[in-house]
Amino acid sequence: MGEFYQFDFSTSLDTEIKGQDLYYSETLSLVKLLDLSSNNLSGDIPEQIISLCAVISLNLSRNHLNGEISKNIGEMQSLTSLDFSFNELDGPIPESLSNLTALSHLNLSYNNFSGEVPTGRQLYTFDSSSYVGNVYLCGPPTERKCSDGEANNTNFDMNEHAHGFEMIWLLVSIATGFVGGFWCVCGALLLKRTWRVAFFQMVDLFFDNMYVKIVLI
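Numbering (the working numbering) for the sequence shown: 921 to 1137.
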């Protein structure tokens, strides 16, 4: 299985596509059609792919790509066709997709996208077939209505994870503080004899008072 993140899109591309060894160097920035479909690729989609500003057709379908679509994908202004279908991509669909005014074909089907489908401009022209197979997507043109939470926050899952990490750090901090305080007290009692004597006298006095109260009752 090929790992997509090992490709360098900044200056060159050296990879095997459909049984053929291909190498792009100075001409990479001039590539207009990029079809890496059905190549058993895995990993995140590299951020550097956004720099291929001349690409008009980008097809990464039928791989094992995961992670999120770059929020900067709207910078690929030349795109007329975008196909990320049949992968394992997740997270929200970037709002910047609505900036691709030349886009006439969009296929994000059969992934794990979540949240509300972005609207506006060119995105109004695509029907539900562009998003089918993403059970956590909601809003037109899908058949699933968004709840208030989904409509107000398409990054719901990410916020939940962030909240979980905050809770973990809070618990770790509390535990660390408790252990530190406990050993400070114990250390002081072990190292200073006068403190030990005073501590045990205080304990004896406490139990004496409790005994007297119990007897009087």
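Virtual Cβ for every residue (Gly too), placed ideally from N, Cα, C.
With a threshold of 16 other beta carbon atoms within 10 Å, residue 1092 falls short and is exposed.
The shortest CA-to-CA distance from residue 1047 to any of 1036, 1062, 957, 1041 is the one to 1062. For residue 1011, same chain residues with a beta-carbon under 6 Å away, outside a window of 5 residues either side, are 988 in chain order.
Scanning its chain for C-beta atoms nearer than 6 Å, with the 5 sequence neighbours on each side dropped, one finds around residue 1005 the residues 981, 1027, 1029, 1030, in chain order. Taking each of 964, 1064, 979 in turn and checking the Cα distance to residue 1002, the smallest one comes out for 979. Shown here, residue 964 sits in coil according to DSSP, grouped into three states, outside any helix or strand. Rounded to whole angstroms, residue 1023 and residue 976 show a C-alpha spacing of 9 Å. The stretch 1020 to 1075 is shown to contain whole beta strand (DSSP E) runs of 3 or more residues at 1025 to 1027, 1032 to 1036, 1056 to 1058, in chain order. Contact between residue 1020 and residue 994 holds, since their C-beta atoms are separated by about 6 Å, short of 8 Å.
Beta-bridge analysis with DSSP links residue 953 to 977. Residue pairing by DSSP places residue 1124 opposite no residue, since no beta bridge is assigned to it. Between residue 1018 and residue 1038, the C-beta gap is smaller than 8 Å, which places the two residues in contact.
Note on residue 996: 16 or more other CB atoms within 10 angstroms of its CB, so buried under the neighbour-count rule. Within the same chain, 1017, 1018 come within 7 Å of residue 1043 by CB-CB distance, once the 5 residues on both sides are set aside. Annotated as proximal: residue 984 and residue 1007, with beta-carbon spacing under 8 Å.
Counted as a single uninterrupted DSSP element, the beta strand (DSSP E) harbouring residue 1001 occupies residues 1001 to 1003. Measuring C-alpha to C-alpha distances from residue 992 to each of 986, 966, 1000 identifies 966 as the nearest. When secondary structure is reduced to three states using DSSP, residue 988 falls in the coil class, being assigned neither helix nor strand.
Assignment of residue 1009 by DSSP, reduced to helix, strand and coil, places it in the strand class. For residue 1052, the closest alpha carbon among the candidates 1064, 1045, 974 is that of 1064.
Going by beta carbons, residue 974 and residue 998 fall inside the 8 Å limit. In this structure, DSSP gives residue 1016 a helical state, which the three-state scheme calls helix.
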